[in-house]
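As structure tokens, then:
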């Protein structure tokens, strides 16, 4: 309608102009704001980190954040790193590779952080590490362990966690070591279409096949499927006596377990690559009566017999409440990253990234809440502990390796669903 | 293989019911109001969260809780339509609805994330894990109940559309908004109520979805593309079409998953959709639009 | 009517009638172009240039998308398929050919565009047989087919994705090379859009948008016109997908084929003004930096979702046709009113008479059947 709209349109025009110029100027300002210069020693140092605080990986991203913060608090309580107070600059990348690239550029070239820690997920670690590499920064991380990350051959990349491929080896070896009469005769290997899960199963499958376990089901399913029922039903129909499920999150495991329960299908052993390690979230999704006997590989657990690990767990509980089994292994991975970097800083006497990279590649072994850490030329930690855990009566217990301190006997065959 | 095939078909039919429940609201809104409701996925999740709150904090059974969640979502739908959709001009309705519903979806997702956090939850009840043994198959109770719920609600919607005067106005608006207005139908009011109904039915879909899947605020994104394709395949505005298409597609996917491989079942889903739509663009049960293209 | 009607020609013609406006437009474009070229020199901050690279990528994509969807009225929500095709072309070929990092890799960018265009031919042949909502859904379905194929074939690296070569450029000016590569892609996309708009081909597209059956009846080769526009729009999107792959250094199928990308470029075009030239550019320049800035500053991730969505709603509801048409209308109304007022004063008629400006009258005429 003509006439009375001129003032309204004038306002619209100015709104649009303000928005446009504001956005452009704003991003320029955002970029240049907060530049801190490093002066003489004893000034606080900042460590830059990008984490998935929203989006697909947010559950793990938040756990990582807690781990990093816990480490920083502990270090500062003991006088800081080489006397410097440690500040963490954590920004969110919304689980997006585009954002993660911008974030690390910002942290390194604008905020001038002294060091960088890695983000969450193999999907984001690659592009992020490349940015850090360009600037000569060491990139120690705990959540990018898929083969696709190491395939980049980046010299500055260090993963404190066990390489993802090897996660199922302890479980496979344990099954293979069972006496012939008790050993399962058939196995199913359903896996999600994901760089994290897919590499794990063939490794386990090779070990099991050599031990005489026949493969009766091996199929890949899309990661984005919203209905797992037919796949789970097909696994149930195969009547496999052991199931190795390649899952990335709780919903996948939960859907399979639910279908197995509905089909009254009770394999003798069941291990999922991720999901059962999520503590309370796993129990809530699956239902407490269904958790019994479910196994999951991991490089750490809250009951780990390690002094620093136990201290970290009690601190976590003091800060965030809950029970010990709620402490996610993400927390330990993040904490371990801090510990390894701290040891390198102390050994090289400063924050020179090049020296730190060289030192980390020198073949030395480091101590961490996850056990010993030693990097090979690709940045893989091959001396990482590898465990398998099992839920028993609502408790998350370490069962493999059977001779590890504090190891509990595994429930085999696993109790029926709903028991 | 034979039993597996039958099992796959049965699975498909039962799960198809769940999807039909989630898609029914979408086809109603789409058909009557010419609007693409991108927020449908997050509305399903919202329905699931509401059921979760009632179940966990008040101990209400999931189906009983529907007596609360369905009216609640009806109100949500009416409010959204009245506040935002009504302002959209006739000409660019379809295109603008994408933008507006996307923005609404973002807001709902943000609110859910703040209120509930990002950890996965799932709805639990005695019938979620148990199944009944029939003719050699274990049929999970939740899917049977869900399918029954879908039949009841979709039947009610259908009855409303074809047996009531209000339903006649809805169908008239579906065919030709201008003509409907000329006959004296208050198209705006009909639209608002329709939107509200569409969202209300989604509450039921959300409950069944939440009982069969672990969910968090991010889960909405995967759903919307599936729901859109089902609705188009079934034919805009056709409730029966939504059910038929949902069942058809789920059965197809499940059979391919068993016979060939799960990975290709999704590809087949979309490929069949493309083929069907190229041959019959109005969908399986759709009517040719009275409007000029 | 297919529900997609960009501002009528009346608006621009009202402006064009006045010679100063045309010249002013040309000058504005020149200044804008100069600004874009000088940008990395003006803002050396790598964070800003990083955001700028992604913004240029979106500007190119949404301009190319708009050149098809805006002019033809066919809402395609599957262009991410071509983005991903371009990205994978560069990634797969450079890996298989062991291309070293450096300027040489940029030759794969136009190749990515070409492969994307070739892929668009069968897609277009199938999808363009349908209309309106069916077309929208078919493009979405085809997009998912592309994504699933990339995730499952081993030659695309399956779920592990692909990496791209790492150039040995220093960190300081690293982003600039990608900035200019994307800028060249943008220039090409804009040139193509202008070519289409100002040609007879473009008129045929607009005729299809307004009434396809009548256009066909008048002798327009509708199938061919639509297909050509579709394939051309895929070209620029494919090129810029290749730039994206090279810039990130590693691509995974769910990111190279991202359904949100489709929504985003459509949103940007709508926000700026569908069917206009500057609209999509404005939309992209607003949304992309804004989103990254929000995430950077307000790391409380979920609040940013709410603010973003709310901001969005506010702008859409105030300017439903997009910013550029709203602005153009405002300017045109003011001009006509001013000249009419001058006329009235000259003729001795005082008072405020209701002035009917071009676009406003057209609005009223078309608004009548719909009712208020």
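Residue numbers (our numbering), protein chains in the order written: chain A, 1 to 419; chain B, 420 to 712; chain C, 713 to 1084. In this text, a Cβ means the ideal position worked out from N, Cα and C, and glycines have one as well. All of these numbers come straight from a predicted model, not from anything done at the bench.
May I ask you to report which of helix, strand or coil DSSP gives residue i?
i, result
"residue 583(B)", "coil"
"residue 182(A)", "coil"
"residue 84(A)", "strand"
"residue 504(B)", "helix"
"residue 1005(C)", "helix"
"residue 380(A)", "coil"
"residue 296(A)", "strand"
"residue 141(A)", "strand"
"residue 405(A)", "coil"
"residue 759(B)", "One cannot answer for residue 759(B) here, as it falls past the ends of chain B, which runs 420 to 712."
"residue 755(C)", "coil"
Might you give, ordered along the chain, the residues of its own chain that have their beta carbon closer than 6 Å to the beta carbon of residue i, omitting 5 neighbours on each side?
i, result
"residue 384(A)", "162, 299"
"residue 257(A)", "286, 290"
"residue 687(B)", "675"
"residue 174(A)", "400"
"residue 7(A)", "Caution applies to residue 7(A), whose pLDDT of 39 falls short of 50 and renders its modelled position unreliable; the model cannot decide the point."
"residue 461(B)", "524, 527, 528, 639"
"residue 428(B)", "670"
"residue 43(A)", "none"
Answer yes or no: do residue i and residue j have a C-beta to C-beta separation smaller than 8 Å?
i, j, result
"residue 444(B)", "residue 620(B)", "yes"
"residue 682(B)", "residue 220(A)", "yes"
"residue 197(A)", "residue 246(A)", "yes"
"residue 473(B)", "residue 487(B)", "yes"
"residue 69(A)", "residue 88(A)", "yes"
"residue 657(B)", "residue 704(B)", "yes"
"residue 72(A)", "residue 86(A)", "yes"
"residue 269(A)", "residue 127(A)", "no"
"residue 848(C)", "residue 789(C)", "yes"
"residue 803(C)", "residue 957(C)", "yes"
"residue 648(B)", "residue 853(C)", "yes"
"residue 562(B)", "residue 655(B)", "no"
"residue 627(B)", "residue 423(B)", "no"
"residue 539(B)", "residue 614(B)", "no"
Excluding sequence positions up to five away, which residues of its chain have a Cβ less than 8 Å from the Cβ of residue i?
i, result
"residue 932(C)", "916, 919, 920"
"residue 940(C)", "913"
"residue 895(C)", "748, 749, 768"
"residue 602(B)", "591"
"residue 349(A)", "82"
Residues in the same chain with beta-carbon distance under 7 Å from residue i, minus the five sequence neighbours each way, listed in chain order, please.
i, result
"residue 405(A)", "305"
"residue 454(B)", "448, 504, 512, 513, 516"
"residue 249(A)", "274, 275"
"residue 842(C)", "850"
"residue 943(C)", "829, 832, 833, 836"
- Indicate whether the contact test is met: 3 or more Cβ pairs, each with one atom in the region 480 to 492 of chain B and one in the region 456 to 471 of chain B, closer than 8 Å. yes
- Query: Which residues, in chain order, does the region 468 to 484 of chain B contribute to contact with chain A at a C-beta distance below 9 Å?
  - Reply: none
- Task: For the region 653 to 671 of chain B, enumerate the residues whose C-beta is nearer than 8 Å to any C-beta of chain C, in chain order.
- Result: 655
- Are there three or more Cβ pairs, one per stretch, closer than 8 Å when the region 769 to 787 of chain C is compared with the region 971 to 986 of chain C? yes
- Message: Give me the subset of the region 248 to 263 of chain A whose CB atoms are less than 9 Å from a CB atom of chain B, sorted by chain position.
- Response: 249, 250, 251, 252, 253, 254, 255, 257, 258, 259, 261, 262, 263
- Query: Pairing CB atoms from the region 352 to 364 of chain A with CB atoms from the region 89 to 100 of chain A, are three or more of them under 8 Å?
  - Reply: no
- Selection of the region 1020 to 1031 of chain C by Cβ proximity to chain B, strictly under 7 Å: 1020, 1021, 1022, 1024, 1025, 1028, 1029
- Contact set between the region 118 to 138 of chain A and chain C, restricted to residues whose Cβ is under 7 Å from the partner: 123, 126, 127, 130, 134, 135
- Message: Under 9 Å, CB to CB, which of the residues in the region 70 to 83 of chain A have a partner in chain C?
- Response: none
- Message: So if I threshold CB-CB distances at 8 Å, which residues from the region 760 to 773 of chain C count as touching chain A?
- Response: 760, 762, 763, 766
- Message: Using a Cβ distance threshold of 8 Å, determine whether the region 963 to 973 of chain C contacts the region 867 to 875 of chain C, with at least three qualifying pairs required.
- Response: yes
- Message: For the pair the region 97 to 109 of chain A and the region 131 to 147 of chain A, tell me if three or more CB-CB distances fall below 8 Å.
- Response: yes
- How do the region 826 to 836 of chain C and the region 779 to 794 of chain C stand: do at least 3 beta-carbon pairs fall below 8 Å, yes or no? yes
- Task: Check whether the region 1026 to 1037 of chain C touches the region 981 to 996 of chain C, counting contact only when three or more Cβ pairs, one atom from each stretch, lie closer than 8 Å.
- Result: yes
- Which residues, in chain order, does the region 228 to 249 of chain A contribute to contact with chain C at a C-beta distance below 8 Å? none
- Relative to chain B, which residues along the region 273 to 286 of chain A have a C-beta separation below 7 Å, given in chain order? 281, 284, 285
- Task: Kindly confirm or deny that the region 599 to 615 of chain B and the region 582 to 589 of chain B touch, where touching means at least three C-beta pairs closer than 8 Å.
- Result: yes
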